[in-house]
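Undergrad:
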Amino acid sequence: DVKVTQSSRYLVKRTGEKVFLECVQDMDHENMFWYRQDPGLGLRLIYFSYDVKMKEKGDIPEGYSVSREKKERFSLILESASTNQTSMYLCATGTSGIRETQYFGPGTRLLVL
Amino acid sequence: GQQVMQIPQYQHVQEGEDFTTYCNSSTTLSNIQWYKQRPGGHPVFLIQLVKSGEVKKQKRLTFQFGEAKKNSSLHITATQTTDVGTYFCAGPNAGNNRKLIWGLGTSLAVNP
Numbered sequence: 001d002v003k004v005t006q007s008s009r010y011l012v013k014r015t016g017e018k019v020f021l022e023c024v025q026d027m028d029h030e031n032m033f034w035y036r037q038d039p040g041l042g043l044r045l046i047y048f049s050y051d052v053k054m055k056e057k058g059d060i061p062e063g064y065s066v067s068r069e070k071k072e073r074f075s076l077i078l079e080s081a082s083t084n085q086t087s088m089y090l091c092a093t094g095t096s097g098i099r100e101t102q103y104f105g106p107g108t109r110l111l112v113l
Numbered sequence: 114g115q116q117v118m119q120i121p122q123y124q125h126v127q128e129g130e131d132f133t134t135y136c137n138s139s140t141t142l143s144n145i146q147w148y149k150q151r152p153g154g155h156p157v158f159l160i161q162l163v164k165s166g167e168v169k170k171q172k173r174l175t176f177q178f179g180e181a182k183k184n185s186s187l188h189i190t191a192t193q194t195t196d197v198g199t200y201f202c203a204g205p206n207a208g209n210n211r212k213l214i215w216g217l218g219t220s221l222a223v224n225p
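As you go down the protein sequences, you meet chains A and B in turn. Start counting the first sequence at 1; every next residue gets the next number (my numbering). Start counting the second sequence at 114; every next residue gets the next number (my numbering).
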């Protein structure tokens, strides 16, 4: 079974803090994704990576950056947290190919005060 | 831009009733995928449909992919409380098939 882990289930930060969310997968998948999920807005893609050191912007990259130094690890960085970044953050992985499916981590619920 | 729409947004049923959610894409899809997210949980892959007109079953769940490969449905027969959750459909992004385009999901509540 694919295992995707995220560094924290719950996180509380203050406005202006730098926040790191980490995701680790154990299945050697090429692709990794960061989504945020808000009520009524579904899953919105922030960034994704299809290889080490490679990244592409998703639909809502503003205020976020990412890092992928090793294949199994994909980090999401909030450079200066703001209250509108309070959300559920979900990491996902997937293999390459047109029939790729995605496997999600348990999520990190972030509250920015 | 490319969109995937799901209806209804919410559905409340009595246990034992049937339930259907519909997914419509603005573009032809090479495949469509369905995921389920339990309350407090994360999305979990259920199934992928690839062929035009394809029908697949998983116990009480029936998935269909339309002939034009632009729409899909998930039907649950005789719902149970374990079916509670949000059901998402998703298809490959036409511009970059590493990404998925997601519907907003249908939230199902089941009264025991």
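Glycine included, each C-beta is placed from N, C-alpha and C at the ideal position. Please read all numbers here as calculations on a predicted model, not as lab measurements.
If I follow the unbroken beta strand (DSSP E) through B/Q146, where does it start and stop?
TA: Segment I145 to Q150, the beta strand (DSSP E) holding B/Q146.
Undergrad: Compute the minimum distance between the beta carbon of A/F33 and the heavy atoms of the ligand COA, and state whether it is under 7 angstroms.
TA: As far as ligands go, the structure on display features none, and thus does not contain the ligand COA.
Undergrad: Against chain B, which members of the region 29-55 of chain A pass a CB distance test of less than 9 angstroms?
TA: Within the region 29-55 of chain A, the residues whose Cβ lies closer than 9 angstroms to some Cβ of chain B are E30, N31, F33, Y35, Q37, G40, L41, G42, L43, R44, L45, F48 and Y50, listed in chain order.
Undergrad: What number of angstroms, rounded off, separates the C-alpha of A/T44 from the C-alpha of A/E79?
TA: Per the sequence presented here, residue 44 of chain A reads as Arg, with Thr not at that position. Their backbone Cα atoms lie some 19 angstroms apart in a straight line.
Undergrad: What are the residues of the region 78-91 of chain A that lie near chain B, defined by any Cβ-Cβ distance shorter than 8 angstroms?
TA: Cβ contacts with chain B: L90.
Undergrad: Count Cβ pairs between the region 132-150 of chain B and the region 193-204 of chain B that sit closer than 8 angstroms; are there 3 or more?
TA: With a cut-off of 8 angstroms, the region 193-204 of chain B and the region 132-150 of chain B count as touching, because enough Cβ pairs lie within range.
Undergrad: Is A/T84 helix, strand or coil when you go by DSSP?
TA: First, the residue type needs correcting, since residue 84 of chain A is Asn and not Thr in the sequence shown. If DSSP states are grouped into helix, strand and coil, A/N84 belongs with the helices.
Undergrad: Would you call the CB atoms of A/C23 and A/Q37 closer than 8 angstroms?
TA: Not closer than 8 angstroms, so no.
Undergrad: Which bits of chain B does A/S96 rub up against, with CB to CB less than 8 angstroms?
TA: Ordered by position in chain B, the residues that pass the 8 angstroms Cβ test against A/S96 are R211.
Undergrad: Taking C-beta to C-beta, are B/S220 and B/T199 nearer than 8 angstroms?
TA: The answer is yes: Cβ separation under 8 angstroms.
Undergrad: Let me confirm a value: B/H125 is counted as buried when at least 16 other C-beta atoms fall within 10 Å, else exposed. Which label applies?
TA: Under this definition B/H125 is an exposed residue.
Undergrad: State yes or no: is the beta carbon of B/H125 nearer than 8 angstroms to at least one beta carbon in chain A?
TA: Cβ-Cβ to chain A under 8 angstroms: no for B/H125.
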